[in-house]
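The sequence shown begins at 481 in the working numbering and counts up by one.
Glycine included, every Cβ here is placed at the ideal spot set by N, Cα and C.
Written out below as structure tokens is the structure these notes cover.
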Amino acid sequence: MKYGGVGMVFGKINHGLTTNYFSEIFYESQVGSDGVPVVSLQAASKAILYDIASEISVALRFLQGREWFDANVQFSTTGLPPFSEIVVDGWRAEWGNSTRVDLEFYLEDLCQELELNDLIYSQEWYYAKASYLYFKDHKLPDHAMTIGILLSQMWWKLEQEDAAIRGRENQRSLDRANLAKKLRMKEQATAKDTVLVMYWHRALQEHGAEVMKRDSNAAQAIFAMATERRPRELQIRSSGKIIGAEAIRKRLVELRRQGKIG
Numbered sequence: 481m482k483y484g485g486v487g488m489v490f491g492k493i494n495h496g497l498t499t500n501y502f503s504e505i506f507y508e509s510q511v512g513s514d515g516v517p518v519v520s521l522q523a524a525s526k527a528i529l530y531d532i533a534s535e536i537s538v539a540l541r542f543l544q545g546r547e548w549f550d551a552n553v554q555f556s557t558t559g560l561p562p563f564s565e566i567v568v569d570g571w572r573a574e575w576g577n578s579t580r581v582d583l584e585f586y587l588e589d590l591c592q593e594l595e596l597n598d599l600i601y602s603q604e605w606y607y608a609k610a611s612y613l614y615f616k617d618h619k620l621p622d623h624a625m626t627i628g629i630l631l632s633q634m635w636w637k638l639e640q641e642d643a644a645i646r647g648r649e650n651q652r653s654l655d656r657a658n659l660a661k662k663l664r665m666k667e668q669a670t671a672k673d674t675v676l677v678m679y680w681h682r683a684l685q686e687h688g689a690e691v692m693k694r695d696s697n698a699a700q701a702i703f704a705m706a707t708e709r710r711p712r713e714l715q716i717r718s719s720g721k722i723i724g725a726e727a728i729r730k731r732l733v734e735l736r737r738q739g740k741i742g
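Structure (structure tokens):
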């Protein structure tokens with residue numbers, strides 16, 4: 481490529497890595513006549529930030545945690561990143577090509593079993609599929625690219641699911657807070673009505689039924705009484721002032737409808 485970017489092609493084709501894992505660029509002068517980059521192993525290693533064997537090792541340990549492998553099976557890597565390879569001890573008597581093929585078929589069966597149980601696109605399935613392709617032949621360009629795509633899809637899916645879980649938790653917290661707020665408001669309203677009923681009956685004894693049969697008159701009488709005695713239930717929390725006569729009148733209409741006052 482005229483202005484670089486060959487490094488991405490080199491890593492993807494020869495070492496099973498996707499374009500997401502490169503930090504350097506190889507220029508036109510570093511490409512041979514056949515289009516293949518002419519760079520040293522040291523230069524290529526510096527350009528590749530991703531070790532696929534390490535990621536597959538994590539995947540296999542995850543599957544082991546889900547009891548798809550016995551506890552005595554051990555996963556390790558040999559060689560230097562990014563060219564290290566997976567070694568599996570305890571799967572069969574000796575690790576070699578035949579054991580690798582056997583593990584490949586096992587992982588393929590595992591993928592099918594997960595799919596049959598409606599677990600396709602679960603974290604187990606992504607890890608099983610990526611591991612299967614790795615042991616099938618992670619150096620093939622198509623397989624290497626697919627592994628990268630599978631892992632990136634899984635990371636994105638897990639991130640979205642985590643965000644959704646956090647959203648649901650936040651919604652539940654909000655619902656709990658709203659419910660608690662409603663309960664407090666209901667308690668406060670009940671306490672306010674109790675005081676208003678008590679003051680109405682006191683005002684009835686003081687002013688008589690003729691005055692108290694009109695809610696506007698009764699509200700003024702109760703307001704005057706509350707202003708003098710300042711009950712906490714009738715105070716506005718932000719200012720400490722007693723609620724107005726009009727607010728009292730509206731509550732008296734409802735209390736009369738409920739039969740709590742005459």
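In its chain, beyond the 5 residues on either side, N552, V553 and Q554 have a beta carbon closer than 6 Å to the beta carbon of G570.
For Q554, the three-state secondary structure derived from DSSP is strand.
The Cβ-Cβ distance between A539 and I566 does not fall below 7 Å.
Assignment of V518 by DSSP, reduced to helix, strand and coil, places it in the coil class. In this model, K672 and A704 are separated by some 16 Å (Cα to Cα). The alpha carbon of Y679 has as its nearest neighbour, out of R541, G720, L735 and L590, the alpha carbon of L735.
With fewer than 16 other Cβ atoms inside 10 Å of its own Cβ, R694 counts as exposed. In chain order, D695, S696, A698 and A699 place their CB closer than 8 Å to the CB of R729, counting only its own chain and leaving out the 5 sequence neighbours on each side.
Burial of S611 is indicated by the presence of at least 16 other C-beta atoms within 10 angstroms of its C-beta. Just so you know, the alpha carbons of A624 and K616 end up roughly 10 Å apart.
From the listed residues I741, S718, A701 and R710, the smallest Cα separation to E726 is found for A701.
Taking L543 as the centre and dropping the five residues before and after it, the same chain places the C-beta of F549, L590, E604, Y607, A608 and S611 closer than 8 Å to its C-beta, in chain order. Burial is judged here by how many other beta carbons sit within 10 angstroms of a residue's own beta carbon; V733 has fewer than 16 and is exposed.
With respect to the 7 Å criterion, V677 and K740 are classified as neighbours on the basis of their beta carbons. Sequence-distant partners of L663 (beyond 5 residues in either direction) whose C-beta falls short of 6 Å from its own C-beta are missing from its chain.
Assignment of beta-bridge partners to D569 by DSSP yields Q554.
When the beta-carbon positions are compared, W575 and V581 stay at least 7 Å from each other.
With a 10 Å radius around the Cβ and a threshold of 16 neighbouring Cβ atoms, L659 comes out exposed. With contacts defined as CB atoms closer than 7 Å, L613 and T626 qualify as a contacting pair. Within 10 angstroms of the beta-carbon of I629 lie fewer than 16 other beta-carbons, which makes it exposed.
Q603 has no beta-bridge partner at all, per DSSP.
In terms of Cβ geometry, V518 and G512 form a close pair [threshold 7 Å].
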